[in-house]
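Colleague:
What follows is the structure, given as C-alpha cells:
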C-alpha cells in the first residue's frame with residue numbers, strides 16, 4: 598500500500614527534470630498520474646509528445662497508472678482538458694502540481710516584449726489556467742455534497758522571492774505565483790482545497806542554462822545535493838491528504854525544506870507620525886526606511 602493510494606494527480610511539465618521526478622515519485626507512492634508536457638525547448642518553442650509518453654511508460658512499467666497529456670499549460674481550453682483527462686481516466690482529481698516553465702533571460706534594457714510576454718504567459722497564466730479549471734471542478738464536487746480533500750502545489754522560485762538579475766520576466770512571474778498560491782489558499786479552503794508553493798533549487802535544463810553544469814555536477818561518493826529527485830518527497834507531503842500546510846511557501850534544496858516568510862514588515866525600519874507625512878520628513882528620516890534586513894536566498 599502506498600501513502601498516496603487512490604490520489605489522482607496532474608503534474609505539468611512532467612516530461613523532464615523536476616516534473617518528471619515528481620511524477621515518478623508520486624506514482625511510486627500509489628498515486629495515479631496525468632503526465633502533462635508540451636515537450637518544448639527551454640525557451641518554450643517547439644513541441645514533442647515523446648517526453649510525456651516516456652514518463653507514462655516508465656510509470657506503467659513499474660506497475661503504476663498514468664496517462665499522457667500534451668496540452669500547453671497556457672492554453673485555456675488545454676488546461677481544462679487536463680482536468681477532464683484526469684476525471685475521465687481515473688474518475689476524480691485530488692492534486693494539481695503546477696511545475697511547467699520556460700526561460701528567456703535578458704537584462705531589463707535588452708529584454709524584448711516577446712521575451713517578457715512568453716515567460717509571463719507560460720509561468721503565470723500557465724499556473725492560473727490549470728488552477729482555475731481544477732478549482733472549478735472541486736467547487737462543483739463540494740457543492741454536490743462530496744467531501745473534497747484536494748491540494749494544489751505551485752512552483753515559485755528563489756528568483757521570484759529574492760530577485761535574480763537578468764530574470765525580470767521570470768522573477769516577476771514566480772513572485773506572482775507565490776502570491777497567487779496564498780490567495781488560492783484563502784479562496785478555496787471553503788471547498789476543501791489547500792494551496793502551497795515551493796521554491797526548488799535543483800539541477801535541471803533551466804538551472805543549468807543559468808548557472809552552468811560544473812557547480813551542480815554530482816560528486817562521486819557524495820550525496821547528490823542538486824538532484825531534482827530531492828524535491829519530490831516535499832511534493833508528496835504537500836499532496837498527502839493528512840498534510841496540514843496551506844498558504845505556505847517552502848524553499849527546497851537537497852535534504853532541506855524551509856518555510857519562507859515573504860514581504861514581512863520590518864519593525865526596525867519605519868517612519869510613523871500622527872499626521873500626514875511630508876517630503877521633508879521622509880528625506881530627513883530616510884535612514885529609518887532604507888537598509889536593514891535584506892532577504893537573501895538560503896545558503897548552500
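Numbering (the numbering used here), first residue to last: 598 to 897. Note that the Cβ used here is the ideal one computed from N, Cα and C, for glycine as well.
1) I'd like the span of the alpha helix (DSSP H) that includes residue 682, first residue to last.
2) Under a Cβ-count criterion, where at least 16 other Cβ atoms within 10 Å of its own Cβ denotes burial, should residue 775 be classed as buried or exposed?
3) Only counting runs of 3 or more residues, tell me where the beta strand (DSSP E) segments fall wholly within the segment 630-678, in order along the chain.
4) Just reading off the alpha helix (DSSP H) that residue 830 is part of, what are its end residues?
5) Could you tell me whether the segment 610-619 touches the segment 820-831, using the rule of 3 or more Cβ pairs below 8 Å?
6) Roughly how many angstroms lie between the CA atoms of residue 717 and residue 871, to the nearest whole one?
7) Do residue 633 and residue 668 have their CB atoms nearer than 8 Å?
8) Measure how close the beta-carbons of residue 856 and residue 788 come, nearest whole angstrom, since I'm counting them as under 8 Å.
9) On a CA-only basis, which of 835, 841, 800 is nearest residue 821? Give me that one, please.
10) When DSSP labels each residue in this structure, what does residue 797 get in the three-state scheme?
11) According to DSSP, is residue 609 part of a helix, a strand, or is it coil?
12) So, helix, strand or coil for residue 620, using DSSP?
13) Locate the alpha helix (DSSP H) running through residue 766, then write down its first and last residues.
14) According to DSSP, is residue 625 helix, strand or coil?
15) Thinking C-alpha only, which one of 631, 762, 860 is nearest residue 648?
16) DSSP three-state label for residue 706, please.
17) If the criterion is Cβ atoms closer than 8 Å, does the pair residue 782 and residue 843 meet it?
18) Could you have a look at residue 751 and say whether DSSP puts it in helix, strand or coil?
19) Could you pull the DSSP bridge partners for residue 847 from this structure?
20) From residue 637 to residue 643, what distance separates their C-alpha atoms?
21) With distance defined between alpha-carbon atoms, name the residue in 623, 602, 877 nearest to residue 832.
22) Consult DSSP for residue 728 and reduce its assignment to one of helix, strand or coil.
23) Under the assumption that residue 604 contacts residue 691 (Cβ atoms under 8 Å), give the Cβ distance between them as a whole number of angstroms.
24) Count the other C-beta atoms from every protein chain shown that fall within 10 angstroms of the C-beta of residue 755, then say buried if there are 16 or more, exposed otherwise.
25) Let me know the secondary structure DSSP gives residue 790 once reduced to three states.
Modeller: Looking at the coordinates:
1) Here the alpha helix (DSSP H) through residue 682 covers 673-687.
2) Burial state of residue 775 is buried, judged by a 10 Å Cβ sphere holding 16 or more other Cβ atoms.
3) Listed in chain order, they are 663-666.
4) The continuous alpha helix (DSSP H) containing residue 830 extends over residues 829-836.
5) At 8 Å Cβ cutoff, the stretches touch.
6) Going by the C-alpha atoms only, they are around 41 Å apart.
7) Cβ distance < 8 Å, so residue 633 and residue 668 count as in contact.
8) That belief does not hold up - the Cβ atoms of residue 856 and residue 788 are roughly 24 Å apart, past 8 Å.
9) Closest in alpha carbon position to residue 821, among 835, 841, 800, is 800.
10) In the three-state reduction of the DSSP assignment, residue 797 falls in the strand class.
11) DSSP, read as helix, strand or coil, puts residue 609 in coil.
12) Helix at residue 620.
13) Residues 765-785.
14) Reduced to three states, the DSSP call for residue 625 is helix.
15) With distances taken between Cα atoms, residue 648 lies closest to 631.
16) DSSP places residue 706 in coil when its eight states are reduced to three.
17) It is a contact, given that the beta carbons lie within the stated cut-off.
18) Note: residue 751 maps to strand in three-state DSSP.
19) Paired residue(s): 795, 856.
20) When the Cα atoms are used, residue 637 and residue 643 turn out to be separated by approximately 5 Å.
21) Out of 623, 602, 877, 623 has the C-alpha closest to the C-alpha of residue 832.
22) Helix.
23) Right, their Cβ atoms sit about 5 Å apart.
24) When all chains shown are included, residue 755 counts as buried.
25) Here residue 790 carries a strand assignment [DSSP, helix/strand/coil].
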